[in-house]
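Peer 1:
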Amino acid sequence: MKRWTRRQIGSLAAGAGLAVAAPRIARARSRARVVVLGGGVGGIVTARALATFGAASGAKLDVTLVEPKRRYTTCFFSNLYLAGLRSIETISFGYKNLSARDGINISPDAALSVDADGRKVGLRNGAVLSYDRLVVAPGIAFRPGAIEGYDEAAEQIMPHAWNAGLQTLLLRRQLESMPDGGLFAIAVPPNPYRCPPAPYERASLVAYYFKQFKPRAKILILDGKDSYFEQDLFEDAWRRHYPGMIEWLPAQFTGGVKAVDVKGKALITPGQSYKADVVNVIPPQMAGLLAQRAGLAQEQGWCPVDPATFESSIHPGIHVLGDAADAGAMPKSAFAANTQAKACAAAIVAVLTGVKAPVPHLSGNCYTMLAAADAVASTSVFKATEAGIALSDIAVSKLGESAETRRGTMQAANTWYAAFTGKLFG
Amino acid sequence: MSDRMITPNFTPLPRVQIPASARHDEQFAVKILITHPMETGLRKDSFGEVIPRRIINTFICRYGGEVVFSVDMHEAVSANPFIEFFLRATDSGTLEFEWHEDGGAIMRLQHQLTVT
Chain A
222 MKRWTRRQIG SLAAGAGLAV AAPRIARARS RARVVVLGGG VGGIVTARAL ATFGAASGAK
282 LDVTLVEPKR RYTTCFFSNL YLAGLRSIET ISFGYKNLSA RDGINISPDA ALSVDADGRK
342 VGLRNGAVLS YDRLVVAPGI AFRPGAIEGY DEAAEQIMPH AWNAGLQTLL LRRQLESMPD
402 GGLFAIAVPP NPYRCPPAPY ERASLVAYYF KQFKPRAKIL ILDGKDSYFE QDLFEDAWRR
462 HYPGMIEWLP AQFTGGVKAV DVKGKALITP GQSYKADVVN VIPPQMAGLL AQRAGLAQEQ
522 GWCPVDPATF ESSIHPGIHV LGDAADAGAM PKSAFAANTQ AKACAAAIVA VLTGVKAPVP
582 HLSGNCYTML AAADAVASTS VFKATEAGIA LSDIAVSKLG ESAETRRGTM QAANTWYAAF
642 TGKLFG
Chain B
416 MSDRMITPNF TPLPRVQIPA SARHDEQFAV KILITHPMET GLRKDSFGEV IPRRIINTFI
476 CRYGGEVVFS VDMHEAVSAN PFIEFFLRAT DSGTLEFEWH EDGGAIMRLQ HQLTVT
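Protein sequence lines correspond, in order, to chains A and B. According to the working numbering, the stretch in the first sequence is residues 222 to 647, in order. According to the working numbering, the stretch in the second sequence is residues 416 to 531, in order.
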């Protein structure tokens, strides 16, 4: 992945100095206000990149990150917690260094409304934040009514664990109290959803836990799709590590999960009801509620954006990135959100300093764990085209790699996690 | 030193989905699925040795003891073969499903159909 160098940022600043037309912020006030809604990976990287690029380009930016949670538990690597391979503390982080090191204002509150015309955000505590540019990175929400009977009360019985934190803890507790010989069922949604390989990684890592402590347990995956990313790698790993433990049923066989019976602990498909001891419902998804409320999403539930700047195609002046955005071929993943955030921050600084936005470098980097010492990786590069974001190149781990190679990929994954979260929260 | 990835003997998992009952003369869908890698015999492992062929080569469905549907499968059929076909309900009786694997193993499932 190409990174911003000091020289590139310097040239962007020099361009700003040469601009003939006075940039808007020079006319309006000395400091441009950028408000970032959502303290996930997309929001954090945008805020920090705005602070860095802003300082380097000479643009004086006042960056505020609005996030009600005090701590962030990463969804990525949370399946390792389910496997018993990581504690929840090692995947949870606080925000204090964002203000201490980068001077970002942290507003520990929830944003409730966006006034796109008046350029204002309303917070739950009644405060109103005015902005010159707004970044909306609310992550995902679950589509109401997509699975009949699956409401907030049901989430406490059949956790989704698709936002990391309490839900992840709940699912782990349920798996721990499940008897040996029990059945763990996972309902997987149709595309698109957050982190495409994660449901299957979850099955793999829960199987890793079962193999040690409940060797007679079974896992049943009821999919909303007929195939999935890295399927051959997963199925090969399941045969090698957990023979006979994991069964995957495609949508063409079951018709997909349409309803849940919370009391009976069952997943209901058009043809059959599947009862299990522990049920994990990963519901169909859409852009986070704030994006819906702000009118940034289309009928399909996601937010259309410019593929280079991530500016909303519905409301100019507002940028949407991460899982909430319709980013074409890019998967909804933390790494993708991170490269989108850098592109978006560079575009915002360019606009505020009156220069042309640089060509974005969009990429994906994904590690998937199959067992404690068996991981696979994929690296992809994307390009912004007129028709949206397209895949330009991809490399994926192969079938038949040696155990040594897979151990090495696992080590690379752990090193990557330390470096990535260090940059986010350090 | 590189070590080989060993694939133990797996157990294929067959599944059938059909309605429990159907009206006389009604056409009903039968969906069959078997979790199976359909190893082609054309791949090599990390030591360059050929992984032996192991596929489901035949599927047979009997209704009241009579073959009503069968399929021959070859290497090009994808993993986890899924087939959907339709039958006409004539009499209440047993539907038998058989998957024949290379090496002679046969996986069987049975379903009772009530015709009303």
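Glycine included, every Cβ here is placed at the ideal spot set by N, Cα and C.
Name, please, each residue of chain B whose Cβ falls closer than 9 Å to the Cβ of Arg437(A).
Peer 2: Ordered by position in chain B, no residue passes the 9 Å Cβ test against Arg437(A), which lies about 14 Å from the chain.
Peer 1: Does Glu288(A) pass the burial test, meaning 16 or more other C-beta atoms within 10 Å, or should it be called exposed?
Peer 2: Buried.
Peer 1: For the region 438 to 464 of chain B, which residues have a CB atom closer than 8 Å to at least one CB atom of chain A, in sequence order?
Peer 2: Answer set for the region 438 to 464 of chain B: Lys446, Leu448, Thr450, Pro452, Arg458, Lys459, Asp460, Ser461.
Peer 1: So is Glu451(A) in contact with chain B if we call contact Cβ pairs under 8 Å?
Peer 2: Closer than 8 Å: no.
Peer 1: According to DSSP, simplified to helix, strand and coil, what is Leu573(A)?
Peer 2: Helix at Leu573(A).
Peer 1: Just to confirm, is the Cβ distance from Ala564(A) to Phe603(A) under 8 Å?
Peer 2: In this structure, Phe603(A) does not lie closer than 8 Å to Ala564(A) by Cβ.
Peer 1: Please identify the residue among Leu645(A), Ile467(A), Lys446(A) whose C-alpha is closest to the C-alpha of Ala428(A).
Peer 2: Nearest C-alpha to Ala428(A): Ile467(A).
Peer 1: For the region 617 to 639 of chain A, enumerate the residues whose C-beta is nearer than 7 Å to any C-beta of chain B, in chain order.
Peer 2: Residues Gly621, Glu622, Ser623, Ala624, Glu625.
Peer 1: For the beta strand (DSSP E) that His526(B) lies in, which residues bound it at each end?
Peer 2: 521 to 530 is the extent of the beta strand (DSSP E) around His526(B).
Peer 1: What is the rounded straight-line gap between the Cα of Asp401(A) and the Cα of Lys439(A)?
Peer 2: Computed Cα separation, rounded: 9 Å.
Peer 1: Return no unless some Cβ of chain B is closer than 8 Å to the Cβ of Leu488(A).
Peer 2: So no, Leu488(A) is outside the interface.
Peer 1: Can we say the region 433 to 442 of chain B touches the region 620 to 640 of chain A, given the rule of at least three CB pairs closer than 8 Å?
Peer 2: Touching, no.
Peer 1: Out of Ala304(A), Ala272(A), Pro365(A), Arg345(A), point me to the one whose CA is closest to Ile325(A)'s CA.
Peer 2: When each option's Cα is compared against that of Ile325(A), the closest is Ala272(A).
Peer 1: Would you list, in chain order, the members of the region 489 to 507 of chain B that have their beta-carbon closer than 8 Å to a beta-carbon of chain A?
Peer 2: Flagged, chain order: Ala494, Asn495, Phe497, Glu499.
Peer 1: Among Leu583(A), Gly543(A), Val526(A), Gly522(A), whose alpha-carbon lies nearest the alpha-carbon of Pro365(A)?
Peer 2: The residue with the shortest Cα to Cα distance from Pro365(A) is Gly522(A).
Peer 1: Does His432(B) get closer than 8 Å to chain A when you measure Cβ to Cβ?
Peer 2: Going by the sequence as given, residue 432(B) is Gln instead of His. Taking Cβ atoms only, chain A reaches closer than 8 Å to Gln432(B), which makes this a yes.
Peer 1: What's the gap between the Cα of Glu397(A) and the Cα of Leu488(A)?
Peer 2: Answer to the nearest angstrom: the Cα atoms are 21 Å apart.
Peer 1: So for Val427(A), helix, strand or coil by DSSP?
Peer 2: Looking at Val427(A) - three-state DSSP - the assignment turns out to be helix.
Peer 1: What three-state label does DSSP hand Thr220(A) in the structure shown?
Peer 2: Chain A is shown only over 222 to 647; residue 220(A) falls outside these bounds and no answer can be derived.
Peer 1: Would you call Leu298(A) buried or exposed, if buried means 16 or more other Cβ atoms sit within 10 Å of its Cβ?
Peer 2: It should be noted that the sequence gives Phe, not Leu, for residue 298(A). Per the 10 Å Cβ criterion, buried.
Peer 1: In chain order, what residues of the same chain have a beta carbon less than 6 Å from the beta carbon of Arg523(B), not counting five sequence neighbours either side?
Peer 2: Within the same chain, Arg523(B) has close Cβ partners Glu513.
Peer 1: Quick one, which of Pro504(A), Ala529(A), Gly647(A), Thr589(A) has its alpha-carbon nearest Gly370(A)'s?
Peer 2: It is Pro504(A).
Peer 1: Which partner residues does Glu369(A) have in the DSSP bridge list?
Peer 2: For Glu369(A), which the question treats as bridged, DSSP gives the partners Ala480(A).
Peer 1: Kindly indicate the opening and closing residues of the alpha helix (DSSP H) around Gln395(A).
Peer 2: Segment 387 to 398, the alpha helix (DSSP H) holding Gln395(A).
Peer 1: How many whole angstroms separate the CB atoms of Gln442(B) and Phe501(B), which I take to be in contact at a CB cut-off of 8 Å?
Peer 2: About 5 Å separates the two Cβ atoms, so the contact holds.
Peer 1: I'd like to know if Thr426(B) contacts chain A, where contact means its C-beta is closer than 8 Å to some C-beta of that chain.
Peer 2: Yes - at least one Cβ of chain A is within 8 Å of the one on Thr426(B).
Peer 1: So Gly309(A) packs on Leu319(A), CB below 8 Å; how close in whole Å?
Peer 2: Residue 309(A) is actually Ile in this sequence, not Gly. In fact, because the Cβ distance is near 21 Å, the residues do not count as touching under 8 Å.
Peer 1: In this structure, how does DSSP classify Gly585(A) when only helix, strand and coil are distinguished?
Peer 2: If DSSP states are grouped into helix, strand and coil, Gly585(A) belongs with the strands.
Peer 1: Measure from the C-beta of Pro464(A) to each C-beta in chain B and report whether the shortest distance is under 8 Å.
Peer 2: Interface residue, yes.
Peer 1: For the alpha helix (DSSP H) that contains Val356(A), what are its first and last residues?
Peer 2: Where Val356(A) is concerned, there is no enclosing alpha helix (DSSP H), although the beta strand (DSSP E) it sits in stretches over 354 to 357.
Peer 1: Using CA coordinates, which residue listed in Val576(A), Ile368(A), Val500(A) is at the minimum distance from Pro410(A)?
Peer 2: Of the listed residues, the one whose Cα sits closest to Pro410(A) is Ile368(A).
Peer 1: Strictly under 8 Å for the Cβ-Cβ distance: is Gln473(A) near chain B by that measure?
Peer 2: Closer than 8 Å: yes.
Peer 1: Please list the terminal residues of the continuous alpha helix (DSSP H) segment that includes Ala634(A).
Peer 2: From DSSP, the alpha helix (DSSP H) with Ala634(A) extends over 624 to 646.
Peer 1: Determine the DSSP secondary structure at Thr505(B), reduced to helix, strand or coil.
Peer 2: In this structure, Thr505(B) counts as coil in the three-state DSSP scheme.
Peer 1: Would you say Leu404(A) reaches chain B, if we count a Cβ-Cβ gap shorter than 8 Å as a contact?
Peer 2: Chain B, which has no Cβ nearer than 8 Å to the Cβ of Leu404(A), makes this no.
Peer 1: Counting only runs that start and end within the region 522 to 583 of chain A, where is the beta strand (DSSP E) found for 3 or more residues in a row?
Peer 2: Counting whole runs of 3 or more residues, the region 522 to 583 of chain A contains the beta strand (DSSP E) stretches 539 to 541.
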